[in-house]
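Peer 1:
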Amino acid sequence: MVLILGMPFLKKYQEIISKTSIPPEAVLLKRVLIFSLSVFLLIFAYLFLRKGAVDIRVVNQSIAWVSVILIGLSFALSGLCFFWNFADKYIIYRKHLGLVGFWFAVGHVSLTLFNLSKKFNLVDFFMSKERFNYFITGALALIIFAVMASISNRYAVHELGGKTWRRVLRFGYVAFALATAHFIFVGLTQWQKWFTGFKGLPPLGIAIIVFALFVFILRICLEVAVRLKKKETSEDTNTPATV
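Under the working numbering, read the sequence shown as residues 508 to 750, first letter to last.
#1: Just to confirm my understanding: we take K700, look at its own chain, exclude 5 residues before and 5 after, and list those with CB closer than 7 Å. What are they?
#2: Which value, in whole angstroms, describes the spacing of the CA atoms of A732 and R638?
#3: Between the C-alpha atoms of Y600 and L720, what's the straight-line distance to the nearest angstrom?
#4: Taking the C-alpha atoms as reference points, what is the distance between V575 and D631?
#5: Quick check: the Cα distance between K670 and T687, rounded to an integer number of angstroms?
#6: Grab me the residues of L584's own chain with a C-beta within less than 8 Å of its C-beta, minus the 5 sequence neighbours each way, in chain order.
#7: So is F609 in contact with chain B if we call contact Cβ pairs under 7 Å?
#8: Quick check on DSSP: helix, strand or coil for V750?
#9: Out of curiosity, what's the CA-to-CA distance linking L629 and L618?
#10: My output table needs one value for N628: the three-state DSSP class, helix, strand or coil.
#11: Tell me the DSSP secondary structure of A458 in three-state form.
#12: Would you mind giving the Cβ-Cβ distance between G755 and L577, rounded to the nearest angstrom? I have them listed as a contact below 8 Å.
#13: Which residue wins for smallest C-alpha separation from S659, given the options I650, L676, G645 and L647?
#14: Which two residues bound the contiguous alpha helix (DSSP H) that contains K670?
#15: Do F494 and N622 have their CB atoms nearer than 7 Å?
#16: Under 7 Å between the Cβ atoms of F589 and V722?
#17: Indicate the three-state DSSP secondary structure (helix, strand or coil) for S585 in the structure shown.
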């Protein structure tokens, strides 16, 4: 692995793309879908081993965790490619990971609403004191992700302008933070029970949240590195030449 801090992020990204053979969109999407299915099956198998049964909740939880992993990887690729060369070849999948992750999130929400609507009044269920926090965080996250998905195309880049477009997409980190908070609210009680007795396999959500925190830390490191590089470049430009 080679650490790279010698150029602004956009220049680094453009350099990677110029050296990368980019397959057709359909091929990129197909590969991401195959990867997504593989992740889903692994998560499903783990949840089955942990719970010893298969039901709609296991399927729904698997879908939810796949969405977090895919969207998290989509965000993490920026930092990974900035700091290390090994990840360069995967940057071309960033958009597709995010989009497929969004549709997994839509699937999770749809399945949740369908399942709960058969048992509860949804308004009363989500507006209750103990559930409102994970309802509002999940709803806001999905709305922001939907906006991001809607502008993940060349038309939006042209209409908004590249600079504005990139700024809007950065709100994705807000959505990812809200989604992380959503799953913490949902799973916290179960995680506390496991930490009390350490019985059986650990809840998968703990590992997923650790992964989400890694994504945020990586983003902070990227932001700091880019700002430091800009500062160095500015100082070099303003320093008078010596003879």
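Ideal placement from N, C-alpha and C gives every residue a C-beta, glycine not left out. As the structure is a computational prediction, the values presented were derived from the model and not from experiment.
Peer 2: Reading it off the structure:
#1: Residue 700 sits at position 193 when you count from the first residue of the sequence shown. Excluding positions up to five away in sequence, the list is empty.
#2: Sequence index remark: in the sequence shown, residue 732 carries index 225 (1-based). Sequence index remark: in the sequence shown, residue 638 carries index 131 (1-based). Cα to Cα, the separation comes out at about 39 Å.
#3: As a position in the sequence shown, residue 600 is number 93, starting the count at 1. As a position in the sequence shown, residue 720 is number 213, starting the count at 1. Spanning the two alpha carbons is a distance of roughly 21 Å.
#4: Mapped onto the sequence shown, residue 575 falls at position 68. Mapped onto the sequence shown, residue 631 falls at position 124. Taking the straight line from one Cα to the other gives about 27 Å.
#5: One-based indexing of the sequence shown puts residue 670 at position 163. One-based indexing of the sequence shown puts residue 687 at position 180. The straight-line gap from Cα to Cα measures roughly 27 Å.
#6: By 1-based counting over the sequence shown, the position of residue 584 is 77. Same-chain partners within the cutoff: A594, Y597, I598, Y600, R601 and L604.
#7: Absence of chain B from the displayed structure is noted, only one protein chain being present.
#8: Indexing the sequence shown from 1 puts residue 750 at position 243. Caution is warranted here: a pLDDT of 37 is assigned to V750, below 50, making its placement in the model unreliable, and no coordinate value can be reported.
#9: As a working note, residue 629 is residue 122 in the sequence shown. As a working note, residue 618 is residue 111 in the sequence shown. Near 13 Å, if we compare the C-alpha coordinates of L618 and L629.
#10: The residue you call residue 628 lines up with position 121 of the sequence shown. DSSP places N628 in coil when its eight states are reduced to three.
#11: Since the displayed the chain opens at 508 and closes at 750, residue 458 lies outside it and no answer follows.
#12: Nothing about residue 755 can be reported from this structure: the residues present for the chain run from 508 to 750 only.
#13: Position 152 of the sequence shown, counted from the first residue, corresponds to residue 659. S659 has its Cα closest to that of L676, out of I650, L676, G645 and L647.
#14: Here residue 670 refers to the residue found at position 163 when the sequence shown is read from its first residue. Where K670 is concerned, the enclosing alpha helix (DSSP H) stretches over G669 to L676.
#15: For the chain, the structure presents residues 508 to 750; residue 494 sits outside this window and is missing.
#16: The count along the sequence shown starts at 1 and reaches residue 589 at position 82. The count along the sequence shown starts at 1 and reaches residue 722 at position 215. Taking 7 Å as the Cβ cut-off, F589 and V722 do not qualify as a contacting pair.
#17: The residue given as residue 585 occupies position 78 in the sequence shown. Residue state, collapsed to three classes: helix.
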